[in-house]
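A short worksheet on the structure shown next.
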Amino acid sequence: MQRHVAAAVEREDRLPEPIRTVAGIDVSYGARGRATRARGAAVLLDAQTLEVLDQATVECATTFPYIPGLLTFREAPVAITALEALSARPDLIVCDGQGIAHPRRCGVASHLGLALDLPSIGAAKSRLTGFCDEPGLARGSCSPLLDNTEVIGACLRTRTGVAPMWISIGHRVSLASAIRLVLQFAPRFRMPEPTRLADRLSKARA
DNA sequence: GCGACAG
DNA sequence: ATCTTGTCGC
Numbered sequence: 001m002q003r004h005v006a007a008a009v010e011r012e013d014r015l016p017e018p019i020r021t022v023a024g025i026d027v028s029y030g031a032r033g034r035a036t037r038a039r040g041a042a043v044l045l046d047a048q049t050l051e052v053l054d055q056a057t058v059e060c061a062t063t064f065p066y067i068p069g070l071l072t073f074r075e076a077p078v079a080i081t082a083l084e085a086l087s088a089r090p091d092l093i094v095c096d097g098q099g100i101a102h103p104r105r106c107g108v109a110s111h112l113g114l115a116l117d118l119p120s121i122g123a124a125k126s127r128l129t130g131f132c133d134e135p136g137l138a139r140g141s142c143s144p145l146l147d148n149t150e151v152i153g154a155c156l157r158t159r160t161g162v163a164p165m166w167i168s169i170g171h172r173v174s175l176a177s178a179i180r181l182v183l184q185f186a187p188r189f190r191m192p193e194p195t196r197l198a199d200r201l202s203k204a205r206a
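Going by the numbering used here, the first sequence opens with residue 1, and the numbers climb by one from there.
This is the structure we're talking about:
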């Protein structure tokens, strides 16, 4: 199924110009009695000023375990519900996880982009698959993430001297644009604002 | 058989 | 992802 979805993923830019809004999505977990509950959060921001325009959270039972390579089946259902609870559809989504930098080229960012028919970017805090050289220490330095000879993403330093982020095409956004946009969305912290705020919101006490 | 392994 | 205390650097 993932290979089928991967075949439909678009790796070239096909997004509005200018990009007006961007949404970040993330999911956190917590024990509620016996079962683990999942809470999804979506935050809508102005893509230029990074001002928060809207935010939403949803909560539900966890239905799938964490298995490397199958994160989509654990998080996507909650993430989609949270995104649809926003007052408007964004021009672009940023996800906490890989896009095509995945064994079958179908990480959660790609799967979500295709399912929602929205441009998407994968911005992960660690590597799932592939290899690359260590990027330079300066903000903006990056090195290609390779699986054999195929470029599947980039290791990008969003903050000088701080651990890099792992960026990949989600859907309808080229790798070059994904890198540029993540730098635009992360002017101050390691994580881009959309996912940083969604992460914080998903963990905030109800 | 062993190690790696988004969140 | 979650839990948990101190520690290091800007």
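All C-beta atoms in this analysis are idealised placements derived from N, C-alpha and C, irrespective of residue type, glycine included. Since we're looking at a predicted model, the values are computed, not measured.
query	result
Could you name the residues of the same chain whose beta carbon sits closer than 6 angstroms to that of Ala56, not counting the 5 residues immediately before and after it, in chain order?	Ala42, Ala82, Ala85, Leu86
Along the chain, where does the beta strand (DSSP E) that runs through Glu59 open and close?	52-61
Helix, strand or coil: which one does DSSP assign to Thr81?	helix
In angstroms, rounded to a whole number, what distance separates the CA positions of Arg139 and Ala6?	31 angstroms
Give me the residue from Leu116, Val94, Leu71 with the minimum Cα distance to Cys106.	Leu71
Please state whether DSSP places Pro194 in a helix, a strand or coil.	helix
Going by other Cβ atoms of all chains shown within 10 Å of its Cβ, with 16 needed for buried, is Phe189 buried or exposed?	exposed
What are the boundary residues of the alpha helix (DSSP H) that His111 is part of?	108-116
Whose C-beta lies closer than 6 angstroms to the C-beta of Leu91 among residues of the same chain, with five residues either side of it excluded?	Per the sequence shown, the amino acid found at residue 91 is Asp instead of Leu. Excluding residues within five positions, the ones whose Cβ falls inside 6 angstroms are Pro16, Ile19, Arg20, Thr21.
Which one of Gly113, Thr63, Val58 has the shortest CA to CA distance from Arg205?	Val58
According to DSSP, simplified to helix, strand and coil, what is Glu10?	coil
Starting from Ile179 and walking both ways along the alpha helix (DSSP H), at which residues does that stretch end?	175-185
Tell me which same chain residues have a C-beta within less than 7 angstroms of the C-beta of Pro68, skipping the five on either side of it?	Leu128
State the beta-bridge partners of Phe131 as determined by DSSP.	Leu146
With a CB to CB cut of under 6 angstroms and the five nearest residues on each side skipped, what residues in its chain are close to Gly99?	Gly107, Ala109, Ser110, Gly122, Ser168, Ile169, Gly170
Taking the straight line between their C-alpha atoms, what separation do you get for Cys142 and Ser202?	29 angstroms
Please state whether the Cβ-Cβ distance between Leu45 and Pro194 is less than 8 angstroms.	yes
Pull up the DSSP beta-bridge partners for Asp26, would you.	Ala41
For the beta strand (DSSP E) containing Met165, list its first residue and its last residue.	165-171
Going by DSSP, what residue range makes up the beta strand (DSSP E) through Val94?	92-95
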